[in-house]
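Counted from 1, the sequence shown has number 91 at position 91 by the UniProt record's numbering; the numbering is strictly sequential. Please read the structure below before turning to the comments.
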Amino acid sequence: LVTLWAGTSLLVTASGENMVRLLHLEEDETYLLTLSEDAFDNKLIRDKIVSISYNQKKRILAAGTKDGYVVMWKCKSMSAKSPSSAEGWEAKPPFRAKTNAKDE
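Here it is in structure tokens:
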């Protein structure tokens, strides 16, 4: 289980599933961002999220997957208030992280 704060009153968790759970404590709302987003072209439906990070300045939530992809969601709102639903986030196209392995 990985947990972090993503802005005001917004707790984000990832637990090895194909989604992150967002809990907006102030609004008492819970919602999901999943790997089945249209922006991900159904490439990642069976993949699992293993790490998450949040850039407060750019308001981007990033997740790393078991298969080596990085997926991101950008907060649509310019206000300081955190989104209370999945509609407040825009999925960005995923990309595969490069490795430094010398055997490849």
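Glycine is no exception: its CB is placed at the ideal position from the N, C-alpha and C atoms.
Item checked: Backbone secondary structure at G88 - three-state DSSP -> In the structure shown, G88 sits in a helix (DSSP, three-state: H, G or I).
Margin query: Can you find the residues in the same chain that come closer than 6 Å, C-beta to C-beta, to S36, ignoring five residues on each side of it along the sequence?
Written below: I45.
Check: Which term fits F40, buried or exposed, when burial requires 16 or more other beta carbons within 10 angstroms of its beta carbon?
Finding: Counting Cβ neighbours within 10 Å, F40 comes out buried, since at least 16 surround it.
Check: Among all the DSSP beta bridges, which residues are the ones paired with S74?
Finding: In the sequence on display, residue 74 carries Lys and not Ser. I60 and E90.
Checklist line | Cα-Cα separation between W5 and L11, rounded to whole angstroms | finding: The straight-line gap from Cα to Cα measures roughly 5 Å.
Check: In whole angstroms, what separates the C-alpha of L32 from that of A80?
Finding: Going by the C-alpha atoms only, they are around 20 Å apart.
Notebook entry, point to check: Between which two residues does the beta strand (DSSP E) harbouring I52 extend?
Noted result: I49 to N55 is the extent of the beta strand (DSSP E) around I52.
Checklist line | Beta-carbon proximity list for R96, same chain, < 6 Å, skipping 5 on both sides | finding: For R96, where only same-chain residues beyond five positions count, the Cβ hits under 6 Å are G68 and Y69.
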